[in-house]
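K.L.:
Residues in the sequence shown are numbered consecutively from 2, following the working numbering. Each residue gets a CB set at the ideal place from its N, CA and C atoms; glycine is no exception.
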Amino acid sequence: MSAGRPALHVGIAGAGLAGRTLAWRLLRAGCRVSLFDARARGDLATASMTAAAMLSPLAELAVSDDVVFALGQRSMRLWPQWISELADRGLPVYFRREGTLVVAHAPDQSSLAHFTGLLLHKLPEAARAQVHTLDAAALARAEPALAGRFGNGLMLDGEGQLANDQWMAALATEIDRLGGSWLEGRAVDAVEGGHIECGGQTYDVDVAVDARGVGARQNWPQLRGVRGEVLTVECDGVTLQRPVRLMHPRYQLYVAPRPNHQFVVGATELESEDTGPVTLRSTLELGSALHSLHPAFGEARVLRLAAALRPALDDHRPMIAQRHGVWHINGLYRHGYLCAPALVEDLVHQLLGQGK
2 MSAGRPALHV GIAGAGLAGR TLAWRLLRAG CRVSLFDARA RGDLATASMT AAAMLSPLAE
62 LAVSDDVVFA LGQRSMRLWP QWISELADRG LPVYFRREGT LVVAHAPDQS SLAHFTGLLL
122 HKLPEAARAQ VHTLDAAALA RAEPALAGRF GNGLMLDGEG QLANDQWMAA LATEIDRLGG
182 SWLEGRAVDA VEGGHIECGG QTYDVDVAVD ARGVGARQNW PQLRGVRGEV LTVECDGVTL
242 QRPVRLMHPR YQLYVAPRPN HQFVVGATEL ESEDTGPVTL RSTLELGSAL HSLHPAFGEA
302 RVLRLAAALR PALDDHRPMI AQRHGVWHIN GLYRHGYLCA PALVEDLVHQ LLGQGK
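#1: Does N261 pass the burial test, meaning 16 or more other C-beta atoms within 10 Å, or should it be called exposed?
#2: Candidates V103, G194, W168: which alpha carbon is nearest D158's?
#3: Please list, in chain order, all residues of the same chain as I176 whose beta carbon is under 8 Å from its beta carbon, the five residues on each side excluded.
#4: Indicate whether A171 and L120 have their beta-carbon atoms separated by less than 9 Å.
#5: If L310 and A48 are in contact, beta carbons under 8 Å, what's the gap, nearest whole angstrom?
#6: Would you kindly check if the distance between the Cβ of E230 and the Cβ of G267 is under 9 Å?
#7: Indicate the three-state DSSP secondary structure (helix, strand or coil) for N220 in the structure shown.
#8: Let me check understanding here. Comparing Cα to Cα, which of D275, G118, G216, A53 lies closest to L339?
#9: In whole angstroms, give me the CA-to-CA distance for L271 and A307.
#10: Is it a yes or a no for the region 66–81 touching the region 282–301, going by three-plus beta-carbon pairs under 8 Å?
#11: Per DSSP, L254 is paired with what?
#12: Can you tell me which of A128, A164, A139 puts its alpha carbon nearest to the alpha carbon of G154?
#13: What is the C-beta distance between V69 and H336, in whole angstroms, given that I count them as a contact (C-beta under 8 Å)?
#14: From the DSSP output, in three-state form, read off A341 for me.
#15: Since I believe A16 is in contact with E185 (beta carbons under 8 Å), could you give me their beta-carbon distance rounded to a whole number of angstroms?
#16: Please determine, among W168, V239, A63, the residue with the shortest C-alpha to C-alpha distance to E300.
#17: Roughly how many angstroms separate the alpha carbons of R6 and E193, rounded to a whole number?
#18: Do M156 and V189 have their CB atoms nearer than 9 Å?
#19: Between T117 and L59, is the Cβ-Cβ spacing less than 9 Å?
#20: Mind checking which residues open and close the alpha helix (DSSP H) that includes N261?
#21: Tell me the residue span of the alpha helix (DSSP H) that contains D67.
#22: For P258, which of R90, M248, Q82, E99 has the nearest alpha-carbon?
#23: Would you report the Cα separation of R178 and A137, rounded to the nearest angstrom?
#24: Take A313 as the anchor and find which of R324, A128, G277, A217 has the nearest alpha-carbon.
#25: Which residues mark the beginning and the end of the alpha helix (DSSP H) in which S112 is found?
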């Protein structure tokens, strides 16, 4: 903020990935920030906490478009910087950038071929050098745990992953240290230009931001929830260097390794707004596909089964918009961790009047 001018007071409804990251960046820029959230900060039953947090701009391009790809590429430049800033404060976040391996069993080679062709068709020319076809020997060198299990694969250089639980916890610590106000466990009743109503009280702010995901639907009717489900396991018998995607005619399984031989596994994406527990069918599909990747996963310990609703718009693009005096950041869909840094950077620039 300029000398002699009071700090801009930004009220943010929603302390998920977008809201929490935005609060942190605004506080670092010298703003006053008030966060309002219906859940407690450690609640695991959220879209932000029910995610593999894979940073895969190339792989996601096969099912998205150039807008999401561009946001992802920008975010890949921001993630290392931001994680380094937290590490400097003694808040390490697990982050790796060893690429993504894409494989398929012999009967599903057509799915891998289709994915490869679609990706190369959609990728900009400059990014195609990041795609490498691996034979069995090269695959075994890249991922020794899968040696002899697949005849070929695809390596997508430059992709990565992070531990979303560590990221969200680190942000909470930094928001407190930087003096952010946090009203948690209180329902947000309304977000309007100049104020936020929460827990039966009205709080005046200079700028109001709605980052509530599906919870903002009353102000953005086009939003819908898309159910995502993940399985977290612990398996001492398998070591993976990077996320692995397993092609299948019905779904794409992804396995994201975490510290201490833990793995976050997902595949299911349901056009449903059911917020109930994971179904038996999803559990069986995730488990059987994981076992087919490596038989040692048969002895894996199940640590968590979780489901949450991802906020999506019809075009599946995330958006920043201002309506009726309120800024909105929403629609992150399945690309939340991939696109969040670029989106937050754009919104911070707009709120501070800096332009891009």
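P.N.:
Based on what the coordinates show:
#1: exposed
#2: V103
#3: R21, A24, W25, L28, V34, L36, W183
#4: no
#5: 6 Å
#6: yes
#7: coil
#8: A53
#9: 14 Å
#10: no
#11: L247
#12: A139
#13: 5 Å
#14: helix
#15: 7 Å
#16: V239
#17: 24 Å
#18: no
#19: no
#20: Element bounds for N261: n/a, residue is neither H nor E.
#21: 67–89
#22: E99
#23: 50 Å
#24: A217
#25: 110–123
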